[in-house]
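These notes are about the structure you will find just below.
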Amino acid sequence: MTSKTKDLTALFHETLKDIYFAEKQILRALPKMAKAAQTDALRQAFEHHRDETQGQIERLEQVFELLGKSPRGKACDAIVGIIDEGKEIMEDFSDTEALDPGLLAAAQAVEHYEISRYGTLKTWATQLGLPDAAKLLDATLQEEMKTDKLLTQLALQSVNRKAA
Ligand SMILES: [Fe+2]
Ligand SMILES: [Fe+2]
101 MTSKTKDLTA LFHETLKDIY FAEKQILRAL PKMAKAAQTD ALRQAFEHHR
151 DETQGQIERL EQVFELLGKS PRGKACDAIV GIIDEGKEIM EDFSDTEALD
201 PGLLAAAQAV EHYEISRYGT LKTWATQLGL PDAAKLLDAT LQEEMKTDKL
251 LTQLALQSVN RKAA
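Residues 101 to 264, numbered by this note's numbering, are exactly what the sequence shown covers, in order.
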């Protein structure tokens, strides 16, 4: 292994720990967001993605295993900040018509963070000659992108309802 490859392996491992921590935070936040959601469609979307997130955590554990490492998280300030903003919206806009739009915006910020991380990790896994890891990371990346699209649709539907 050249030292360049070794460095990228270390960075891959660190970023894996980052998203592992993030997914666990997201797993805890989604039921709270589901409970706060005012429309059934949004609540169901959050509940469904909570179940998907559980599977994503298991995929990450498989990637750790492929790397010969035990699954460990590393505190990630970015996701903590994004989730805190969501909590603030839930507190400040509860019982207002801005609550669901606020929840949608917070959830999409989370998805965009995840899409960025998984895209990077997938590329690095391929670069490092870890095709099985790349496949696992891509499966999650596809779920995150699908979730982001669904959230966009829900946001547009609510805009259209208001306009009607
Ligand atoms: Fe996720
Ligand atoms: Fe997600």
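Where a beta carbon is used, it is the ideal one built from N, C-alpha and C, also for glycine.
- Assignment of alpha helix (DSSP H) within the stretch 114–179, counting only whole runs of 4 or more residues, yields 140–166 in chain order.
- The alpha carbon of E211 has as its nearest neighbour, out of L130, F112, E197 and L230, the alpha carbon of L130.
- Distance from the Cα of I179 is smallest, within the candidate group L167, S194 and D118, for D118.
- With a cut-off of 8 Å on Cβ pairs, the stretch 191–203 is not in contact with the stretch 211–220, counting fewer than three such pairs.
- Annotation for E123 indicates a beta carbon within 7 Å of some heavy atom of ligand 1.
- Linking A234 to F121 through their CA atoms gives a straight-line distance of about 19 Å.
- By the CB criterion at 8 Å, A134 and R150 fall inside the cutoff.
- When the Cα atoms are used, E243 and I126 turn out to be separated by approximately 14 Å.
- Look at L230 here: in three-state DSSP terms it is coil, with no helix or strand label.
- Annotation: Q154 to V259 spans about 31 Å, alpha carbon to alpha carbon.
- With fewer than 16 other CB atoms across the displayed protein chains lying within 10 angstroms of its CB, G181 is exposed.
- The alpha-carbon of A255 is positioned some 17 Å away from that of F193.
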